[in-house]
Every structure is written in C-alpha cells, then in structure tokens.
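Undergrad: One structure follows; several queries about it will come next.
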Amino acid sequence: MTEPDASTDAPDRYLRLSHGDMRLPVFLPDATLGVVRAVDCEDLEKADIDALVMNVYHLMQKPGSSTIAALGGLHSMTSWSGNIITDSGGFQAYSLIRQNPKFGRIADTGIRFKPEGAEREFHLTPEKSVQLQISYGTDVVICLDDCTHVDASPAEQRQSVERTVRWAARCKTEFTKQLKARKISEAGPRPALFAVVQGGGDIELRRECAARLLEIGFDGYGYGGWPLDNQGNLLSDMLQATREAIPLEFPMHALGVGHPVSICACWRMGYDIFDCALPTRDARTGRLYTLREGASWSSILEPDASWFKTLYIDDDKHIKTNKPLLEGCDCIVCKRYSVGYLRHLHKCGDTLFYRIATLHNLRFMTRLMQELRSAPRPPIGE
1188 MTEPDASTDA
1198 PDRYLRLSHG
1208 DMRLPVFLPD
1218 ATLGVVRAVD
1228 CEDLEKADID
1238 ALVMNVYHLM
1248 QKPGSSTIAA
1258 LGGLHSMTSW
1268 SGNIITDSGG
1278 FQAYSLIRQN
1288 PKFGRIADTG
1298 IRFKPEGAER
1308 EFHLTPEKSV
1318 QLQISYGTDV
1328 VICLDDCTHV
1338 DASPAEQRQS
1348 VERTVRWAAR
1358 CKTEFTKQLK
1368 ARKISEAGPR
1378 PALFAVVQGG
1388 GDIELRRECA
1398 ARLLEIGFDG
1408 YGYGGWPLDN
1418 QGNLLSDMLQ
1428 ATREAIPLEF
1438 PMHALGVGHP
1448 VSICACWRMG
1458 YDIFDCALPT
1468 RDARTGRLYT
1478 LREGASWSSI
1488 LEPDASWFKT
1498 LYIDDDKHIK
1508 TNKPLLEGCD
1518 CIVCKRYSVG
1528 YLRHLHKCGD
1538 TLFYRIATLH
1548 NLRFMTRLMQ
1558 ELRSAPRPPI
1568 GE
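Next comes the structure, spelled out in structure tokens:
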C-alpha cells in the first residue's frame, strides 16, 4: 500500500488509504478522545495536518462505541475528512495495570481493565480491538499487542513477544473477516493493518518478533513499547535494530515519538510515521517551537539538536519582544502576532493563547515533515 517503492531517497512516498493518500513521512497530532485540544478541524487543515491518531482504549470509554456509531463513526462525529489512525489501546491498558494491578489483568485471551471511577469492566481482545476500529471507520488499524517495559525481565519480554505474535495473527484473521463482511475490496483504497514489534530492551528478541510478524504479513509495522529510557533519551540502538528488521517497502510507525529532534533521528533510521501529544501539550503550557538563531530548515539534516530551540513564553525577556516566534513561518500566529503579545495572553490566562500556540507548534511540525519529504534520506544503518 506504499507507493512508489520506498528507496532511501524516493520522493513523493505515500500510504494509499480510504480517505486519501497520506504523505510520508507524516506527523499525527494526538486526538485521543476525538479532538486535538484547543483547535478545530479547520485549524488542523490550515496547519497542513494530513492525519490524526485516536485511541480505542479511551474512545470505548468516552464517548463509548455505541455513541460513536450513532454519530456516524469517527470521521462524521469529529467532522474530520482526513485519515485517522487508531491505536489499539494495548499500551494504555498495560500502563494502567502496571501502575496498579488492581485495575486489571492481561491474559492470553485479552486484556480486562477497570479504570478508577469506571462503572464497569472493559474487555479488549484482539478480535474486539479490530472490530471496534473497523466500526469506527478508521483508516489504519493497529493490532492489539502485549506491551512490556524496556527494563522488564527476560521472561516477561519473551512472554510479551509470544503473546504479541499470537494476537497479531488473530487480528489479521479478524481484519480479513471484517473486510469481507463489509465488501471492502483488497485491491482498492481500504483500511491498512499494522502490527507492533515488541521485545523490550532485547535486540535479538525484537528481530525475532519482527521476523515472525513478517511471516504473517501486514501493511505496515510499529515500534512497540517505550521509545525512551528512564532519563528521557531516545533508545536509538533498539529503534534502529527494529527498523532494520523490517524491509523498507513497509512503512513503519515510531509510536509515541514526537519531539522534533527525535523525529529527525528516527527518520534517518527509516521511520515514516510519528505521533505524540508532546507538541500540542507543549504549546498549551507555553513551550513553543522555533529554530535557533543562525539555523535554517536545512539544518535538520544534521545529526544533532543544534538547529532546534524551545522558546519559553513566560520568560521575562519576552515582555516587549515585538517580533514573531519564527521569522518566515507562514502560520497565522507568526504572520500576525508578536512574542510579547503571546506572552501577555499566556500570563493573563486567555484561552486564545491555547489555540494559536497550538497552531504554531503544529505548523512547525508539518513544516518539518515537508522538509524531510524533500530531503534525501541517508542509507539506513549509517
């Protein structure tokens, strides 16, 4: 489903999906509950957003699957005309249970969980996850996986891989069944099915998991588990080994990677799809993205972070700054408002700040994607 052939320097690479061709590489803002906080669909379109990521774990609780169905599916409910990737919910359910085992349990049959304050227990199986995602009208279905922590014991890592592979096979069987029942042709634009590579901090286990998932066959793959270590550093060796285990013709999703510098690092490894709440959360809290003085967009190809800068809008030095966040940026924020005015909005707590700051960070991310699409990617592994 990726065209043309994904060579290291191929231009105009994209993923053909039900709601149009999704250009690669791509950054997806988190619309976890069906909304990117503080902005609407028109804002997202103006920022050149191609696709959104939503989450089964949260959506099946709020607003609930019957409500989504009554409102016509995710696209109709949210009025979003672009593509939607739905995360299976495995990572979130695992994180909840890891936080406190009383909230649920994971077994070969699936995941049972009851978040604090919930009125009932939820049961998520591989089949149920696929059924929900298809019924929501998603464009990329992600298989339910058994997540584990990078520091988990070898026995836990092994169990995670075995369960993830079995669940992926069950997901594919259900996915094929759903397409047939809904008379969706395999030949035309259709939802894609991605499997998730687990293996924690064991490179050989990651490679084994990737090989077994490739035998089953999927449209794309994702890096599963935490992409960062306990100090917040990118797990570069693990990410690169996992990408190298998947042939380049398959798009690969660096799940949860969203810092601009980390995205560039993963892009150099061969990753195509990125999602994270970080850019929009940073915007709302006054951390705005820009280039360092003297840096240009071509600097993003350098294998360091010297090109990137986070501007902290509350700093007193910005009180009377009468210039845009980023010279030459074409977002409405940089074209119309000064840094000093943005600081004023944030300090007085006006909600306008949340919207326009989010618009700027999102446009920074889509501009980053534009630059990467036109850049020659270095040979994978270098």
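Our numbering numbers the first residue of the sequence shown as 1188 and each following residue consecutively.
Each residue gets a CB set at the ideal place from its N, CA and C atoms; glycine is no exception.
#1: Helix, strand or coil for Lys1510? Go by DSSP, reduced to three states.
#2: Using three-state DSSP, classify Ala1193 as helix, strand or coil.
#3: Just to confirm, is the Cβ distance from Val1327 to Leu1204 under 9 Å?
#4: Between Pro1447, Phe1461, Gln1418 and Val1444, which has its C-alpha nearest Pro1438's C-alpha?
#5: For Arg1393, count neighbouring Cβ atoms within 10 angstroms of its own Cβ and tell me buried if that reaches 16, exposed if not.
#6: Use the C-beta contact count for His1262: other C-beta atoms within 10 angstroms, 16 or more gives buried, fewer gives exposed.
#7: Among residues of its own chain, excluding the 5 on either side of Val1226, which ones have a beta-carbon nearer than 7 Å to its beta-carbon?
#8: Can you give the Cα-Cα distance for Glu1431 and Val1337, rounded to whole angstroms?
#9: Name the one or two DSSP bridge partners that Pro1216 has.
#10: So who's on the other strand from Asn1270, going by DSSP bridges?
#11: Take the Cβ of Leu1539 as the centre, count every other Cβ of all protein chains shown within 10 Å, and call the residue buried at 16 or more, exposed below.
#12: Using 8 Å as the Cβ pair cut-off and three pairs as the minimum, do the stretch 1359-1379 and the stretch 1305-1317 touch?
#13: Taking Gly1409 and His1440 to be in contact with their CB atoms under 8 Å, please state how far apart those CB atoms are, rounded to whole angstroms.
#14: Could you work out which residue in Val1223, Thr1273 and Phe1495 is closest to Tyr1323 when comparing CA atoms only?
#15: Quick one: what's got a C-beta closer than 6 Å to Asp1537's C-beta in the same chain, skipping five residues either side?
#16: Which residues in the same chain as Pro1302 place their Cβ atom closer than 8 Å to its Cβ, once the five residues preceding and following it in sequence are excluded?
#17: Ordered along the chain, which non-local residues of its own chain (more than five positions away) have a Cβ less than 6 Å from that of Thr1429?
#18: Scan the stretch 1305-1381 and note each continuous beta strand (DSSP E) run of 3 residues or more that stays entirely inside, going in chain order.
#19: Where Gln1557 and Asn1242 are concerned, what is the direct C-alpha to C-alpha distance, given to the nearest angstrom?
#20: Could you name the residues of the same chain whose beta carbon sits closer than 7 Å to that of Ala1562, not counting the 5 residues immediately before and after it, in chain order?
#21: For Leu1153, list the residues DSSP reports as bridge partners.
#22: Which residues bound the beta strand (DSSP E) around Thr1265?
#23: Measure how close the beta-carbons of Leu1465 and Leu1498 come, nearest whole angstrom, since I'm counting them as under 8 Å.
#24: For Thr1556, which three-state DSSP category applies?
#25: Can you name, in chain order, every residue of its own chain whose Cβ lies under 7 Å from the Cβ of Ala1193, other than the five neighbours on each side?
#26: State the beta-bridge partners of Val1226 as determined by DSSP.
#27: For Glu1349 and Ile1293, I'd like the C-alpha separation in whole angstroms.
#28: Taking DSSP as the reference, what is the three-state secondary structure of Met1439?
TA: In terms of the structure at hand:
#1: What you label residue 1510 is simply residue 323 of the sequence shown in a count that begins at 1. Three-state result, Lys1510: coil.
#2: For the purposes of this step, residue 1193 is identified with residue 6 of the sequence shown, where counting begins at 1. Residue placement at Ala1193 is poorly supported in this model, since its pLDDT is 42, which falls under 50; the coordinates still yield a value, given next. Correct three-state label for Ala1193: coil.
#3: As a working note, residue 1327 is residue 140 in the sequence shown. As a working note, residue 1204 is residue 17 in the sequence shown. Yes, Cβ-Cβ distance for Val1327 and Leu1204 is below 9 Å.
#4: For the purposes of this step, residue 1438 is identified with residue 251 of the sequence shown, where counting begins at 1. Minimum Cα distance to Pro1438 is reached at Phe1461.
#5: For the purposes of this step, residue 1393 is identified with residue 206 of the sequence shown, where counting begins at 1. Buried: at least 16 other Cβ atoms inside 10 Å.
#6: For the purposes of this step, residue 1262 is taken as the residue at position 75 of the sequence shown. Buried, by the Cβ-count rule.
#7: In the sequence shown, counting from the first residue as 1, residue 1226 sits at position 39. Arg1542, Thr1545 and Leu1546.
#8: Position 244 of the sequence shown, counted from the first residue, corresponds to residue 1431. Position 150 of the sequence shown, counted from the first residue, corresponds to residue 1337. Whole-angstrom Cα-Cα distance: 19 Å.
#9: Counting from 1 along the sequence shown, the entry for residue 1216 is found at position 29. Answer by DSSP bridge pairing, in chain order: Cys1463.
#10: The residue given as residue 1270 occupies position 83 in the sequence shown. Answer is Ala1238.
#11: Within the sequence shown, numbered from 1, the residue matching residue 1539 stands at position 352. Counting Cβ neighbours within 10 Å, Leu1539 comes out exposed, since fewer than 16 surround it.
#12: yes
#13: Locating residue 1409 in the sequence shown gives position 222, where the first residue counts as 1. Locating residue 1440 in the sequence shown gives position 253, where the first residue counts as 1. Their Cβ separation, rounded to whole angstroms, is 4 Å, which keeps Gly1409 and His1440 in contact under 8 Å.
#14: One-based indexing of the sequence shown puts residue 1323 at position 136. The residue with the shortest Cα to Cα distance from Tyr1323 is Thr1273.
#15: As a position in the sequence shown, residue 1537 is number 350, starting the count at 1. Contacts found: none.
#16: For this step, residue 1302 is matched to residue 115 along the sequence shown. Taken in chain order, the residues that qualify are Gln1248, Leu1283 and Phe1290.
#17: On the sequence shown, residue 1429 is found 242 positions in, with the first residue counted as 1. Excluding residues within five positions, the ones whose Cβ falls inside 6 Å are Val1384, Arg1393 and Tyr1410.
#18: 1309-1311 and 1327-1329
#19: Reading the sequence shown from its first residue, position 370 is the one you call residue 1557. Reading the sequence shown from its first residue, position 55 is the one you call residue 1242. Approximately 26 Å between the Cα atoms of the pair.
#20: As a first step, residue 1562 is located in the sequence shown; it is residue number 375 there, counting from the start. Leu1488.
#21: Only positions 1188 to 1569 of the chain appear in the structure, and residue 1153 is not among them; the question remains open.
#22: Counted from its first residue, the sequence shown places residue 1265 at position 78. Here Thr1265 belongs to no beta strand (DSSP E); instead the alpha helix (DSSP H) covers Leu1261 to Thr1265.
#23: Position 278 of the sequence shown holds residue 1465. Position 311 of the sequence shown holds residue 1498. Their Cβ separation, rounded to whole angstroms, is 15 Å, which puts Leu1465 and Leu1498 out of contact at 8 Å.
#24: What you label residue 1556 is simply residue 369 of the sequence shown in a count that begins at 1. The sequence shown places Met at residue 1556, not Thr. Helix.
#25: Working through the sequence shown from its first residue, we reach residue 1193 at position 6. For Ala1193, the pLDDT reaches just 42, beneath the cut-off of 50, and the residue's location in the model is therefore unreliable, although a value from the coordinates is still provided. Once the five neighbours on either side are set aside, the close Cβ partners of Ala1193 are Arg1200, Leu1435 and Glu1436.
#26: For the purposes of this step, residue 1226 is identified with residue 39 of the sequence shown, where counting begins at 1. Beta-bridge pairing links Val1226 to no other residue.
#27: Working through the sequence shown from its first residue, we reach residue 1349 at position 162. Working through the sequence shown from its first residue, we reach residue 1293 at position 106. So the two alpha carbons sit approximately 13 Å from each other.
#28: Counted from its first residue, the sequence shown places residue 1439 at position 252. The answer is strand: DSSP assigns Met1439 an E or B state.
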